[in-house]
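Visitor: If you count by full-length UniProt numbering, then the sequence shown holds residues 1 to 78, one letter each, in order.
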Amino acid sequence: MNEKKLDFIEPDTSVKVVKVTGQKSSRKRILDMGLTPGTRVDVIRRAPLGDPVEFKLKGYNLSLRKREAETVLVEVLK
Numbered sequence: 001m002n003e004k005k006l007d008f009i010e011p012d013t014s015v016k017v018v019k020v021t022g023q024k025s026s027r028k029r030i031l032d033m034g035l036t037p038g039t040r041v042d043v044i045r046r047a048p049l050g051d052p053v054e055f056k057l058k059g060y061n062l063s064l065r066k067r068e069a070e071t072v073l074v075e076v077l078k
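#1: Just list the alpha helix (DSSP H) runs in the UniProt domain "Ferrous iron transporter FeoA-like" (4-76), keeping only unbroken ones of 4 residues or longer that don't cross its boundaries, in chain order.
#2: Can you tell me whether F55 is buried or exposed? The criterion is at least 16 other CB atoms within 10 Å of its CB, across all chains shown.
#3: Confirm, please, whether the CB-CB distance from L35 to P52 is below 8 angstroms.
#4: Nearest CA to the CA of T21: which residue from I9, D42, V72?
#5: Judging by CA-CA distance, which residue of R27, V17, T39 is the nearest neighbour of R67?
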């Protein structure tokens, strides 16, 4: 399995969440937003300066800062 951090995934790529790391409070916040293990996430676009990044998951769009996205480990879907 080839795990990558979510902040390194390019737009127009689909991934599956493998694990969420980080401090307890920030980890809980990310999980509460729906980025739970097994969830499919589509990377939509990056802001002009690369931060934040927009994702689509579970029928809604979510924008995260790079520092938040780097705590999510994902696997690229073929």
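Glycine residues also receive a C-beta, built at the ideal position from the N, C-alpha and C atoms.
Small disclaimer: the values here were computed from a predicted structure and weren't measured.
Guide: Short version:
#1: Taken in chain order, the whole alpha helix (DSSP H) runs of length 4 or more contained in the UniProt domain "Ferrous iron transporter FeoA-like" (4-76) are 24-32, 66-69.
#2: Flag for F55 reads buried.
#3: No, Cβ-Cβ distance for P52 and L35 is not below 8 angstroms.
#4: Taking only the C-alpha atoms, the option nearest T21 is V72.
#5: Of the candidates R27, V17, T39, R27 places its Cα closest to the Cα of R67.
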